[in-house]
Every structure is written in structure tokens, then in C-alpha cells.
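**Student:** Have a look at the structure that comes next, please.
Put into C-alpha cells, the structure is as follows:
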């Protein structure tokens, strides 16, 4: 079904086995690093989060933004964000199916 497909696309079945949140752990950068270095570390962490969650770039950026405020803290991604992503994926898949018919 479309539901199964959209869940598979965003790795949600994996997240739901562990409870209602997917978590991304962010490490605090060492205090002596420069702002530029911190920025590049942030980009690397965001990319790591994107590849772990397996989302399209934009959806992953939203999810990792919500999950990483406050470096060094594991924060849950709110269910509302995950359901927004699920709904977006479902709508685009429905459109794809309609286009093919």
C-alpha cells in the first residue's frame, strides 16, 4: 500500500520499532575550535543524520534541525514532524501512481 511505501521511504518502520521517536545524537565540539570548523562539523553531522534516517535532503534537514537543538543532547524528533514527512511522501507517491495510470 501507499502507507507501507511511504513508511519504508522514511525508515519509519525502523523508528516505530524503537518507540515513537527517532533520535540523533550530537556531540559538543571541543571549545578551542573556530567558528568555521564548527560550521563544517555541523554540516558533517547533518549529513550523517540524513544518511542514517534515509530521507530526502529537505525532509532530513527538517528532522535533524528539530532533533539537534542544544548540542550534546539527544533530542527526539516530534511525532508531528515525522507525520508531516510521512504525509508529504504519501502525497507525492499518490501523484506518481496517478501519473502512471
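Numbering (this note's numbering), first residue to last: 1 to 101.
Even glycine gets a Cβ: it sits at the ideal position worked out from N, Cα and C.
If we count the other Cβ atoms within 10 Å of its Cβ and call it buried at 16 or more, is residue 89 buried or exposed?
**Tutor:** Mapped onto the chain shown, residue 89 falls at position 89. Buried: at least 16 other Cβ atoms inside 10 Å.
**Student:** Quick check on DSSP: helix, strand or coil for residue 101?
**Tutor:** Numbered from 1 along the chain shown, position 101 holds the residue referred to as residue 101. It is coil, neither helix nor strand.
**Student:** Taking the C-alpha atoms as reference points, what is the distance between residue 94 and residue 101?
**Tutor:** Taking the chain shown and counting its residues from 1, the one referred to as residue 94 is at position 94. Taking the chain shown and counting its residues from 1, the one referred to as residue 101 is at position 101. Roughly 11 Å between the two C-alpha positions.
**Student:** Mapping the DSSP letters down to three states, classify residue 78 as helix, strand or coil.
**Tutor:** Counted from its first residue, the chain shown places residue 78 at position 78. If DSSP states are grouped into helix, strand and coil, residue 78 belongs with coil.
**Student:** From residue 79 to residue 87, what does the alpha carbon distance come to, in whole angstroms?
**Tutor:** Counting from one through the chain shown, the residue named residue 79 turns up at place 79. Counting from one through the chain shown, the residue named residue 87 turns up at place 87. Going from the Cα of residue 79 to the Cα of residue 87 covers about 12 Å.
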